[in-house]
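Residue numbers (the numbering used here), protein chains in the order written: chain H, 1 to 337; chain D, 338 to 673.
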């Protein structure tokens, strides 16, 4: 499986609410390697059987940030609300896709120069209207409740850097696919569940119900974390290309963190440590407290420009996370610790 | 005309770096007229018609677009930049850019999760933004990019009904209309300039109008249309689909009232520009030498100076028709 090609394919289509193209594609790709079953909403899980009843669950969320139409006016302008964390300052003159009766391109209004009053405040997304260019025909195609998604197409930057929309968390989904491709015929010490969960961006919702259904003994969440950049605190970010970020936090299981670090060291796989004083902001926060509780850790892909249509990752980080996960699974995780 | 506008918008040519645009235009018009490039880079045209004109008329469209210039490369391999021409910072953030017509990058900054409450409500200073091309250090970046290189915000061309959506509609629409006029209008002689550096303050048109030394000028432009939701009818300036906007006055020019009246009262669908805002090459041209009778014919553009400007093809067609109407009147000697 080619990481770049797969990520581009998953990034260039969407999965949110009633739009499931990316999740469907991911489902089909995972089904090549193992039996897959659908769970609540768009979540689904694939299982590889191992030599014990113990189950390790790997999670990557398959949903994305988006917007949702709350009004269509007679001139063809839409009012939208956020579905997930959107930086509304970045919307003016940005093109998006409105998933109406057909997919249409629309552009957010920018303030005309003669009406701009110097220091503008960006507090309310409903004040930034979305121009469909359809005039009074907009109402025939677009309804309240339709989803609006970014539309940048993924592309290569210099070296092994890739840029595109919804890399949060299609990059995680690709990592799981890479691991499942490698493990599909291997003898495993325990069961491995590959969960692709829905509605992370709305508050870790899909992981809650799916984890309850799967009932794992331990879990590792593969998501993205902040990549380095100008003005971004190095303590709050990972450097692109320096390996996956192994989470250590009061809410995470220390044994898993330690074992991931040791395996990375032993096998000379690049890694970084992401030490957090609080919860992780990922599905790990939800998964760890499901049912009787689940030993949980995070392994994160450094990503720049999070929650924009031009998120940037390094392919090598996905490769290196896949390698650590494979070593971890084949060595039995923390099943016997 | 649509194909021509599409092609022209996707050529990158910020102010001071219009070479590729000029090269394309020369190729289009070379069989139809005499041309030369002046020291600033203006493409000056003399088009011979079937009849000698009674008055000397210059047409103008500017070739340059707003964009970015790379000013330094950081140790991490990021590129710092200045804006060239007036660009709203909000329309730059996290946009894809193309450097020197080929290198891809992204205007980058802090993600929303790391912003304070105040930061999340206000725009950052433009000089805090930077371009990420994927390079991991200065040496890597310098293999691809040099200080002084030009960049544009990417904005592909799309047609949606009568509307077009693209970067650089200002003023490649004017260029497209002028190319079409050079190819198709041959009743009278006229001269023209595809001008440089309009966005830096009407610089190219200053020397072009001196060289061409006309008695009349018609400027083919794009202008702000604010016919968007939540803007009152009195503040829209002009509306898409209601024809080209004809200015009586803007921040740079008081237009010749006879030419204004002639245009506004013509059979061609057009509208007055209902505000005294902005400016265009008329500002330089109408003050050239002892003064030149000047009119601007502007195609209304929403979100002008962004990578997602919107115009109406019917307005482009009507701007072309109105230009021919005005050319006939001026060149035949009917105007005072």
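Glycine included, each C-beta is placed from N, C-alpha and C at the ideal position.
Being a predicted model, the structure only gives us computed values, none of them experimental.
Check	Outcome
Determine, for residue 238(H), whether the minimum Cβ-Cβ distance to residues of chain D falls below 8 Å.	no
Got a sec? Which residues, its chain only, sit under 7 Å from residue 171(H) by beta carbon, not counting five neighbours each side?	7, 224, 301, 303, 313, 318
Measuring alpha carbon to alpha carbon, tell me which of 251(H), 57(H), 291(H), 261(H) ends up nearest residue 280(H).	251(H)
Less than 8 Å between CB atoms is the rule here; does residue 72(H) satisfy it with respect to chain C?	Annotation note: the requested chain C is absent from the structure, which comprises protein chains H and D.
Under 8 Å, Cβ to Cβ, is there at least one residue of chain D near residue 271(H)?	no
Just the Cα atoms here: how many angstroms apart are residue 311(H) and residue 232(H)?	15 Å
Identify the residues that DSSP records as bridge partners of residue 78(H): which are they?	72(H), 130(H)
For residue 539(D), collect the residues of the same chain with a Cβ closer than 6 Å to its Cβ; drop the 5 residues on either side in sequence, then sort them by chain order.	618, 620, 621
What does the alpha-carbon distance come out to for the pair residue 381(D) and residue 349(D)?	20 Å
Going by other Cβ atoms of all chains shown within 10 Å of its Cβ, with 16 needed for buried, is residue 419(D) buried or exposed?	exposed
Could you name the residues of the same chain whose beta carbon sits closer than 6 Å to that of residue 240(H), not counting the 5 residues immediately before and after it, in chain order?	227, 302, 314
Can you pull out the residues from the segment 276-298 of chain H whose beta carbon lies closer than 8 Å to at least one beta carbon of chain D?	281
In chain order, what residues of the same chain have a beta carbon less than 8 Å from the beta carbon of residue 151(H), not counting five sequence neighbours either side?	95, 96, 97, 105, 165, 309
If you follow the alpha helix (DSSP H) that residue 180(H) is part of, which residue opens it and which one closes it?	167-183
Can you pull the DSSP bridge partners for residue 555(D)?	396(D), 632(D)
How would you call residue 1(H), buried or exposed, if buried means at least 16 neighbouring beta carbons within 10 angstroms?	exposed
Using a 10 Å radius around the Cβ and a threshold of 16 neighbouring Cβ atoms, would you call residue 160(H) buried or exposed?	buried
Enumerate, from N- to C-terminal direction, the unbroken alpha helix (DSSP H) stretches of 4 or more residues contained entirely within the segment 520-585 of chain D.	540-549
Shortest alpha-carbon distance to residue 69(H) belongs to which of 40(H), 131(H), 158(H), 24(H)?	131(H)
Quick one: which unbroken beta strand (DSSP E) runs of 3-plus residues sit fully inside the segment 178-256 of chain H? Chain order, please.	191-197, 218-226, 244-248
For residue 312(H), which beta-bridge partners are listed by DSSP?	163(H), 304(H)
Would you call residue 291(H) buried or exposed, if buried means 16 or more other Cβ atoms sit within 10 Å of its Cβ?	exposed
Assuming residue 229(H) and residue 272(H) are in contact, meaning their beta carbons sit under 8 Å apart, how far apart are those beta carbons, in whole angstroms?	Wrong, their Cβ atoms sit about 15 Å apart, outside the cutoff.
What separation, rounded to the nearest whole angstrom, lies between the Cα atoms of residue 329(H) and residue 267(H)?	14 Å
What does a CB cutoff of less than 8 Å around residue 262(H) pick up in its chain, not counting 5 residues either side in sequence?	none
Check each candidate in 377(D), 547(D), 398(D), 570(D) and name the one with the smallest Cα separation from residue 517(D).	398(D)
When DSSP labels each residue in this structure, what does residue 662(D) get in the three-state scheme?	helix
Under 9 Å, CB to CB, which of the residues in the segment 155-172 of chain H have a partner in chain D?	155, 156, 157, 158, 159, 160, 161, 162, 163
Can you give me the Cβ contacts of residue 136(H) inside the same chain, cut-off strictly under 8 Å, excluding the 5 residues immediately before and after it?	74, 75, 76
Three or more C-beta pairs closer than 8 Å, one from the segment 539-554 of chain D and one from the segment 409-423 of chain D: is that the case here?	no
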